[in-house]
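Please read the structure below before turning to the comments.
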Amino acid sequence: MAATAYAAVVSVRRVLEDILHHAPAPQRILLHTQHDFQSLLEKITTFQHFLEDYDALQITSKPQVEDGLLEAQMAKACYAAEDIIESFVLDQIQAPSQVQADRILTRFSQDFHKVMQDVYVIEKKVMKNKGKMEILKDQQPVNALPADGLSARLAPNANIDTTTRLDSHLFQLKERLVGDEPKLKMVSIVGMGGIGKTTLARTIYDDSLIVESFEIRAWVTISQEYEMREILLALLHVTEILFGKRKQENSGNNFAKPVDMMSRDSDEQGERSQEDSANNFVKFVEVMSKYSDEQIGEQLRKKLYGRRYLIVMDDIWSIKVWDEVRKYFLDNSNRSRIVITTRLSQVAVNFDSDVPHEMGFLDDDSSWNLFCEKALLGEACPPELEEIGKQIAKSCKGLPLSLVVIGGLLAKSQRTLLQWNYVAENLVSVINLGNHEECLKILSLSYSHLPIHLKPCFLYMATFPEDCEIRISRLISLWIAEGFVNPIAPKSLEDIAMEYLKELIDRNLLIVRQQGTLGKMKSCIIHDLLRDLCLREAQKENFLCITKLYDFDIPDNIQSLRRLVISLVPRQYMPPQVFSTLRLASSTRSLACEFVWRTQWIAPCLKLLRVLNVDDEYSPEEIMQLINSRYLDFTGDWDLNSPLTSSVSLLWNLQSLTVRGICSTVLPREIWEMKQLRQLKFHKIVLPDPPHHSHDVGSQDSYILENLHTLSTLENFRFTAEFPKRIPNIKKMKIVYKNNKFDGLSLSYYCLEHLASLSRLESLTLLIYPADQYSLERFAFAHVGDFAFPHSLKKLTLRGCELPWDDMRIVGSLPKLEILRLYRRAFKGKVWNPSEGEFARLKFLQIKDNYLNYWVVEGSHFPILEHLVLDGVNLEELPLGLAEIHTLRLIELNRCYRSAEYSVKKIREERESMGYDDLQIRVSRNWEYEPDRY
């Protein structure tokens, strides 16, 4: 219940802070409740700190605190408080009269008092457990390693012992390990749980070349809970034993044989040997108890001094382990090596002497080979089972651990089509069978080790469909709306959420699927087995529910569900009873639907809804009923230039509003009163000017949207000097101008020079579409004074500006610009001759549908350009000066002259003559197309 309890605590805390810091209208909401809310907030904050402290202590010291019941009680009380408070706010906003508002207040006071009684009881238990935690913090950890812990810490799991398709990994790693570099080198193997890191490391460790190359080899499994003393004692103990053996074996012989500090015995004697080793280790610990950690480490260093050694440290969770032990591994300048395996990319980066060795998923062929090795024990696959067998192997999505588990299951079953079909149809459930719990046990280790603030974020991934590619910007907005992200001044919630995401990726729990032009993460996915782990843990903790309504799979606890996901439902399977049943889900705060259907029942039934993420169509009237909403993403069901009514301001806590569709939306002036707004995304927005505020002394401007960071897509908007002051923290903006709606106005009327005052704007898209030749002629008179851009810009996309190339200085002088896209008629003319010192930070340049004939480039013009795209450009030859840009890695040509392709080959040859052979060229050869000559 830890994740659910924490999610409940931070959620109600967020609600209280939102009300206290910017109370919704009417003001009577806080008139008689402010003290009560403040008192509850103090206690909720105590609960949060307790859960965080306990979680951190739990990882390092395993305190025996009876917390399961307490966490469940905490979640229940927090959810009850949240229901009462948000219902009170909703009822007060909708109250038709003061008399009705007074009745609502009376009922609220009674309900709130009952909840506070439960909170007081929980607070006493929290304080009692905090006392136990303080005692545990003061206790020193036990230094002795348990008798049954030796083999676990000195040997990898031998149950997953396949070497299928490791050849490429083995070759790369062996080169790094036995290379001629004399200095001590560190090598890291990184990948998600179950990907085969330990298997690869074990295979390398046992390789005959490695055995003969290193005088001493040592393997230590660290795990997430470790004691440095235990690690040092384990290494020193086996060193003492094996050096004693070597002296006996080599008496009278000056040749020093390699020493394996794992000391594996024969199969017949292995079990007894491990028991004896454990007993001997306990005695060794007792003998060494008089020595400090430093003294033990010094003895280990003396054993390794002057010898070529290989140390494998398996399953490292923190770079701190290496920082503590590294001083005992001297650099003998004799090609010694240290290898670690880890799930954490950041640990690998900090450890590795070079680039970490990443283990990805197996391809289809490798998966099939591994599957056959385990399921058929190396025998040929019967023809009647080959098709279904490949389907099973492919369903494991390249995860070796999954393939091993499924293959092992089939190896013990009948080789019949019926049996294999059963496995194919129930793959996920088969993996979760009790006899194969080891698979999810290994995967769940990553989850159990997560800091508590990341657990709700990880469990939330179960809300997305299997194999869904998730937009990172959308995911971050959802986490914020759910209340999972803890504010940390002065960082924005988006920056904090991005840190959460990077940590999950760093732990290999999420996978980056798509990256932007410069490597910025755009989308991510979660492996199917990890999603299954999410779903399993989420349902166990009552964190969320995923249901198929057409099967009448209605959960028994639907009245208390906070997050509900409705799976794909065909229209013909939507009986009326479904809607009446869902009316019971009155506590639901988050609803995601994977189907398109007119669900008018949502607004009146789920009045406390906070997150609406559906493909359904809604009218403005329906949306206005969701008073407490924070995140709305839907398809707009309204006509051209339909307005949102002034009642939109009643959505007092709305953060993100995304309306898909093809029509323009006219926003009311009340939109400027919605201080919580973080992003507005419409097909097109007709945005009114902000209201004027009073300039009286002491008056405050109430029409500033400080949290707004994304605004798209503004249509024909006039940027007054006042506008930038109203959105001071905007980061991303898209603007469209269409001449057929200009009513004869020139571009200067829209005051685009005031864009320069948006001092935090990082991404700007400015698109101008002349509707006819008359409009084009009017815009031909646009001059550089009509445009000005803020120096904060990192990404700029332009179309239709019709500025001469000589005026490119207004773009080239932007000090932080990294990405520039120039579309049709962004600039006009046949010659572009950049000036010295421009585009100092530009890394990506795209020119599309332009009549540029001649381009002068020298190495100093684009000093760090990496990627150039020319699409439908009139250039017959690319400038040879591009060869002088040493950072240039890729040139793409699409719909260009053949002569341009020949010239880019000359550029590559010129670079090669300079010693740079890393330029890639990609050409779309559509010879039927030739750009217009102009």
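Under the working numbering, the first residue of the sequence shown is numbered 40, with each subsequent residue one higher.
Glycine included, every Cβ here is placed at the ideal spot set by N, Cα and C.
With which residues is Leu-929 paired in a DSSP beta bridge? His-906, Gln-959.
Starting from the C-beta of Lys-773, find all residues in its chain whose C-beta is less than 6 Å away, skip the five residues before and the five after it, and write them out in chain order. For Lys-773, where only same-chain residues beyond five positions count, the Cβ hits under 6 Å are Ser-751, Thr-752, Thr-804.
What's the C-alpha gap between Leu-568 and Glu-542? Looking at the two C-alpha atoms, the distance is approximately 19 Å.
Look up Ser-562 in the DSSP assignment and say whether it is helix, strand or coil. Residue state, collapsed to three classes: strand.
Enumerated in chain order, which unbroken segments of the beta strand (DSSP E) with a length of 3 residues or greater are wholly contained in the segment 202-270? Counting only runs of 3 or more residues that sit fully inside the segment 202-270, the beta strand (DSSP E) segments are 224-229, 255-260, in chain order.
By a C-beta neighbour count over all protein chains shown, 10 Å radius and 16 as the cutoff for buried, is Gly-954 buried or exposed? With a 10 Å radius around the Cβ and a threshold of 16 neighbouring Cβ atoms, Gly-954 comes out exposed.
Local Cβ density within 10 Å of Leu-457, reported as buried at 16 or more and exposed below that: Its Cβ having fewer than 16 others within 10 Å, Leu-457 is exposed.
Alpha carbons only, please: which of Ile-662, Glu-91, Ile-519, Asp-57 is nearest the one belonging to Ile-124? Nearest of Ile-662, Glu-91, Ile-519, Asp-57 to Ile-124, Cα basis: Asp-57.
Among Pro-809, Ser-787, Pro-767, which residue has its Cα nearest to the Cα of Leu-797? Ranking Pro-809, Ser-787, Pro-767 by Cα distance to Leu-797 puts Pro-767 first.
Three or more C-beta pairs below 8 Å linking the segment 395-412 and the segment 365-374: The segment 395-412 makes no contact with the segment 365-374, as fewer than three CB pairs between them are under 8 Å.
Note down, in chain order, each residue of its chain lying with its Cβ closer than 7 Å to the Cβ of Arg-67, except the 5 sequence neighbours on either side. If the five residues before and after Arg-67 are omitted, its C-beta is found closer than 7 Å to the C-beta atoms of Gln-131, Ala-140, all from its own chain and listed in chain order.
Cβ pair Phe-883, Glu-857 closer than 9 Å: For the 9 Å CB-CB criterion, Phe-883 and Glu-857 form a contact.
Cβ-based neighbour list, Leu-449, same chain, cut-off 6 Å, excluding 5 preceding and 5 following: Answer for Leu-449: Ala-414, listed in chain order.
Please state the DSSP three-state secondary structure of Ser-738. In this prediction, Ser-738 scores a pLDDT of 47, lower than 50, which makes its location untrustworthy; the coordinate-derived value is nonetheless stated afterwards. Reduced to three states, the DSSP call for Ser-738 is coil.
Exposed unless 16 or more other CB atoms sit within 10 angstroms - verdict on Phe-210: Note on Phe-210: under 16 other CB atoms within 10 angstroms of its CB, so exposed under the neighbour-count rule.
I'd like to know if Gln-87 contacts chain B, where contact means its C-beta is closer than 9 Å to some C-beta of that chain. The structure shown contains no chain B; it is built from a single protein chain.
For Ile-701 and Arg-52, what's the separation of their Cα atoms in angstroms? A direct Cα-to-Cα measurement between Ile-701 and Arg-52 gives close to 38 Å.
If we ignore side chains and look at the alpha-carbon of each, how far apart do Val-653 and Asp-672 end up? Val-653 and Asp-672 have their alpha carbons spaced roughly 6 Å apart.
Less than 9 Å between the beta carbons of Leu-837 and Leu-806, yes or no? Contact: yes.
Could you please give the first and the last residue of the uninterrupted beta strand (DSSP E) stretch that includes Leu-753? DSSP places Leu-753 in the uninterrupted beta strand (DSSP E) bounded by 749-754.
Return the bridge partner residues of Pro-843 from the DSSP annotation. Answer is Lys-867, bridged to Pro-843.
Residues bridged to Gln-718 by DSSP? Answer by DSSP bridge pairing, in chain order: Ser-695, Thr-749.
Would you mind stating whether Leu-932 and Asp-957 have Cβ atoms separated by less than 9 Å? Contact: no.
Tell me which residue opens and which closes the beta strand (DSSP E) that Cys-496 is part of. Counted as a single uninterrupted DSSP element, the stretch harbouring Cys-496 is not any beta strand (DSSP E) but the alpha helix (DSSP H) occupying residues 494-498.
Put Ser-113 into one of helix, strand or coil per three-state DSSP. The question names Ser, but residue 113 in the sequence shown is Met. Note: Met-113 maps to helix in three-state DSSP.
Spell out the partners DSSP gives Val-912 in its beta bridges. The partner list for Val-912 (beta bridge, DSSP) reads Asn-889.
I need the straight-line Cα distance from Val-394 to Ser-384, nearest angstrom please. Those two C-alpha atoms are separated by around 11 Å.
For Lys-882, the residue or residues it bridges with in DSSP: Lys-882 is bridged by DSSP to nothing; it lacks a bridge partner.
Whose C-alpha, out of Thr-704, Ala-134, Ser-695, is nearest the C-alpha of Val-650? Comparing Cα positions, the closest option is Ser-695.
According to DSSP, which residues form a beta bridge with Ala-46? Bridge partners of Ala-46: none, in fact.
First and last residue of the uninterrupted beta strand (DSSP E) at Met-352: From DSSP, the beta strand (DSSP E) with Met-352 extends over 348-355.
Look up Ala-922 in the DSSP assignment and say whether it is helix, strand or coil. Note: Ala-922 maps to helix in three-state DSSP.
Whole angstroms is fine: what's the gap from Glu-337's alpha carbon to Ser-328's? Their backbone Cα atoms lie some 15 Å apart in a straight line.
Ignoring anything shorter than 4 residues, give me the alpha helix (DSSP H) runs that lie fully in the segment 125-184, in order along the chain. If only complete runs of 4 or more residues are kept, the segment 125-184 shows the alpha helix (DSSP H) at 137-177, in order along the chain.
For Val-705, name the three-state secondary structure that DSSP assigns. Val-705: strand per DSSP, three-state reduction.
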